[in-house]
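The sequence shown runs 203 to 372 under this note's numbering. By construction, the Cβ of each residue, glycine as well, lies at the ideal position given by its N, Cα and C atoms. On a predicted model such as this, the values are computed, not experimentally measured, just so you know. Worksheet for the structure shown next.
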Amino acid sequence: YRHHIYLEGYELPFYGHGPLDPAPAPDGRSLYFSGMGWIWKLDLQTGEALRITQGGACDSRPSISPDGKRLVFLRDDTRTLWIVIKDLDSGRERELVRSGKLDLDPVFAPDGRSVLYTSSEGGDLDLWRVDLGSGERRPVTTEAGLELKPQPAPDGRHLLYLAKKRAGDD
């Protein structure tokens with residue numbers, strides 16, 4: 203991947219005081235973001251922000267489901283990263299992906315039945331999909347190099363992502 207690889211090249215989440223990682227709600231009335239180690243919901247009409255997550259770990263990179271009922275995000279306790287899914291009505295959280303490897307960039311698929319994410323579970327950083335019904339995880343990409351930041355098209359048939367190739371081209 204060129205001469206040097208730095209940890210920052212993996213685009214790890216970081217603790218920030220200001221708002222980061224904006225995720226607009228499907229209804230257009232609110233925006234989810236990370237800040238100060240938690241996930242927040244901003245009411246766009248009133249400008250009031252409500253803290254959505256609690257605890258000592260750093261929560262970041264929220265993505266809201268297409269129906270607006272669930273939130274998926276990263277949790278970092280300084281030892282490992284894992285992906286959490288939260289039911290916004292009940293407040294219940296559960297671990298969605300905790301592979302023990304580097305798992306990043308969770309985002310809901312347009313149909314809301316799966317989550318796409320980046321993982322080093324297969325060696326390089328590849329894109330993976332986890333089915334929300336069965337919990338089955340499987341790779342989406344397997345090319346040599348790093349694939350990061352999946353962004354599914356609304357039609358669910360196409361996927362935009364960042365590819366860092368070993369030859370040095372992104």
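Its Cα nearest to that of residue 223, the residue 238 stands out among 230, 231, 359, 238. Using a Cβ distance threshold of 8 Å, residue 285 and residue 298 count as a contacting pair. Between the C-alpha atoms of residue 259 and residue 303 there is a straight-line separation of about 17 Å.
Cβ contact annotation for residue 225 (same chain, cutoff 6 Å, sequence separation greater than five): 234, 264, 265, 266, in chain order.
By the beta-carbon neighbour count (other beta carbons within 10 angstroms, threshold 16), residue 355 is exposed. The three-state secondary structure of residue 308, taken from DSSP, is strand. Not a single unbroken stretch of the alpha helix (DSSP H) spanning 4 or more residues falls wholly within the segment 262-313. For residue 349, the uninterrupted beta strand (DSSP E) segment begins and ends at 348-354.
When DSSP states are grouped into helix, strand and coil, residue 226 belongs to the strand group. Nearest to residue 313 by alpha-carbon distance, out of 253, 324, 338, 334, is 334.
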